[in-house]
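Asks: Before anything else, here's the structure in question.
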Amino acid sequence: MPRNPTSDEDDLDTPTPPVFFAEQALLGALLLEPHRLGEVPGIGPEAFSTAAHSAVFAAIRSLPAPDPAQHAQNTAWLDKVLASARKQARGLSASSLHILIQVCPRPRHAPAYARMIEAEHARRTVRTGAQRLGQAAGDRTHPQPVPAALAVADALTDVVDRLAATFPSGPASLPHTPAPAPAPPPAHDEAAAAEEERSLLAATTARPAVIDQMRWLTADDFVHPLNAGLWQAATALARRHAAVDPVTILWEAQHRGLLTPGAEPAELLRALAAPAAGDPHYWGERVLHRSVLITARHVARHIEALSDAPATTPQQLLLGSRRALANLNTVRARWHQATSPTPPPPPHASKAPARTRAGPPRTTAPGPSRATR
277 MPRNPTSDED
287 DLDTPTPPVF
297 FAEQALLGAL
307 LLEPHRLGEV
317 PGIGPEAFST
327 AAHSAVFAAI
337 RSLPAPDPAQ
347 HAQNTAWLDK
357 VLASARKQAR
367 GLSASSLHIL
377 IQVCPRPRHA
387 PAYARMIEAE
397 HARRTVRTGA
407 QRLGQAAGDR
417 THPQPVPAAL
427 AVADALTDVV
437 DRLAATFPSG
447 PASLPHTPAP
457 APAPPPAHDE
467 AAAAEEERSL
477 LAATTARPAV
487 IDQMRWLTAD
497 DFVHPLNAGL
507 WQAATALARR
517 HAAVDPVTIL
527 WEAQHRGLLT
537 PGAEPAELLR
547 ALAAPAAGDP
557 HYWGERVLHR
567 SVLITARHVA
577 RHIEALSDAP
587 ATTPQQLLLG
597 SRRALANLNT
607 VRARWHQATS
617 PTPPPPPHAS
627 KAPARTRAGP
637 PRTTAPGPSR
647 ATR
């Protein structure tokens, strides 16, 4: 049932959002002047925030508009709207429709009210997609969490692209809501991440030739900053074609300011020189696997924060969402590079012996040879 702004419901802790009054105003305009339905073609029942409002709009849209003169004299059409809407929202009454009519300031402003409703519906739609992305990225029971999370991210990208056509961006400024700080991983995840990252460092230190083949892994993929710094030290040595072993990595780490209190050199040396168990590519993929999911969760939280900020316009929400999803796509591209099978090298064409081209016999005799003096 539509909420009366003067009712006791205003005593609730949650204030009534402005879009609720926009929905009331639009429905009141259409109940008062049904011919204005053609002025709001882009809106549907799903755009309304309450079941009652959605039911009233669906009923209005399903019935032919009445004759304006007859509509001004009787309530026959309103009775039909009420009967149809009550199939979906049984709490509606005749007074509900009259409240909607009374609270509409200007029926001719129906397109403006509809635009407000569309904007809030876009906000809710993006928020729902971001919540699904966060749930998929945090689902520890899924057998293939990365492909599942990326599929949800693709669906959210499609939603954002579709809404961008409805709200074309002009010179829209960036959203003012800052990205939330990355959430710390659970304790068990953090311990597992530390073990996998140290296993990667030990494996690549023992086989430094593979470092150049793992350009798809960056320091940003590591959970622990110290391990990220050690990876940067190892890759820097490898790309300079310098010697790579536990001692040289430790020396490079010192020059990078990694040996802070708590980073005991002897302990780091033992970790780098630990027996390498497993393929470095395997451990690298494990680190990147976790990075994709962490990035997806962070992107989801960022987009949720944008959608929860009342001051964020639809254009700012869509622009911020696109930029956040682009960050996930960057990690996704490296994930595909790491997990895609290496294509076989192209076959080398065998060099056939040069064939003497057939041609007509020489007709010009060779010139006389110069006499040797």
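If you want this note's numbering, it's the position in the sequence shown, counting the first as 1, plus 276.
Quick reminder that beta carbons are idealized off the backbone N, C-alpha and C, glycines included.
1. Taking buried to mean at least 16 other C-beta atoms within 10 Å of its own C-beta, is T290 buried or exposed?
2. Can you tell me the Cβ-Cβ gap for I336 and L306, rounded? I've got them flagged as a contact below 8 Å.
3. Run through DSSP, which three-state label would Q613 get?
4. Out of curiosity, what's the CA-to-CA distance linking A331 and M392?
5. Go ahead and label P317 buried or exposed: buried means 16 or more other beta carbons lie within 10 angstroms of its beta carbon, across all protein chains shown.
6. Could you have a look at R366 and say whether DSSP puts it in helix, strand or coil?
7. Whose C-beta lies closer than 7 Å to the C-beta of S360 among residues of the same chain, with five residues either side of it excluded?
8. Count Cβ pairs between the segment 381–390 and the segment 338–356 that sit closer than 8 Å; are there 3 or more?
9. Can you tell me whether T326 is helix, strand or coil according to DSSP?
10. Of all the options P310, R362, T615 and N603, which has the alpha carbon lying nearest to the alpha carbon of A345?
11. Find the nearest neighbour of R362 within the set V607, H329 and R610, judged by alpha-carbon distance.
12. Do you know whose CA, among G560, G538 and I487, lies nearest E471's CA?
13. Out of curiosity, what's the CA-to-CA distance linking L376 and F297?
14. Distance, Cα to Cα, S626 vs S616?
15. Considering only the alpha carbon of each residue, which of L409, H385, S372 and A479 lies closest to L548?
16. Is the segment 420–428 touching the segment 537–547 in the sense that three or more CB pairs, one from each, lie closer than 8 Å?
17. So, for P321: in the same chain, excluding its five sequence neighbours on each side, which residues have a beta-carbon less than 7 Å away from its beta-carbon?
18. State the CB to CB distance for the pair H397 and A301, rounded to an integer number of angstroms; the pair is presumed to be in contact (CB under 8 Å).
19. Give the single residue among I525, H517 and R400 whose Cα lies nearest to the Cα of N503.
20. For F297, does the three-state DSSP call read helix, strand or coil?
21. Just to check my reading of the structure: A413 and A614 have Cβ atoms closer than 8 Å, yes? What is that Cβ distance to the nearest angstrom?
22. Find the nearest neighbour of V499 within the set N603, S567 and Q364, judged by alpha-carbon distance.
23. Nearest-angstrom Cα distance between A440 and G410?
24. Quick check: what's the CA-CA separation for A602 versus L595?
25. Please tell me whether Q591 and S445 are closer than 8 Å, where the distance is taken between their beta carbons.
26. To the nearest angstrom, report how far apart A510 and P551 are at their CA atoms.
27. Classify H517: buried if its beta carbon has 16 or more other beta carbons within 10 angstroms, exposed otherwise.
28. Our contact map puts L535 next to W507 with C-beta atoms below 8 Å; I'd like the distance itself, whole angstroms only.
29. Helix, strand or coil, according to DSSP, for T292 in the structure here?
30. In terms of residues, what are the limits of the alpha helix (DSSP H) holding S567?
31. Would the beta-carbon of A514 fall within 8 Å of that of V523?
Replies: Quick look at the numbers:
1. exposed
2. 5 Å
3. helix
4. 19 Å
5. exposed
6. coil
7. The beta carbon of S360 is closer than 7 Å to those of A335, S338 and L339 in its chain, skipping five residues each way along the sequence.
8. no
9. coil
10. P310
11. H329
12. G560
13. So the two alpha carbons sit approximately 9 Å from each other.
14. Because the pLDDT at S626 is just 49, under 50, the model does not fix this residue reliably, and the value given afterwards should be weighed accordingly. Roughly 29 Å separates the two Cα atoms.
15. Sorting L409, H385, S372 and A479 by C-alpha distance to the C-alpha of L548 places A479 at the top.
16. no
17. Beyond the five residues adjoining it in sequence on each side, P321 comes within less than 7 Å, by CB distance, of S330, F333 and A334 in the same chain, given in chain order.
18. Actually they are not in contact, since the Cβ atoms of H397 and A301 sit about 16 Å apart, beyond 8 Å.
19. I525
20. helix
21. The Cβ separation is near 18 Å, so there is no contact.
22. S567
23. 22 Å
24. 11 Å
25. yes
26. 17 Å
27. exposed
28. Actually they are not in contact, since the Cβ atoms of L535 and W507 sit about 16 Å apart, beyond 8 Å.
29. DSSP places T292 in coil when its eight states are reduced to three.
30. P556 to D584
31. No, the pair does not count as a contact, with Cβ atoms beyond the cut-off.
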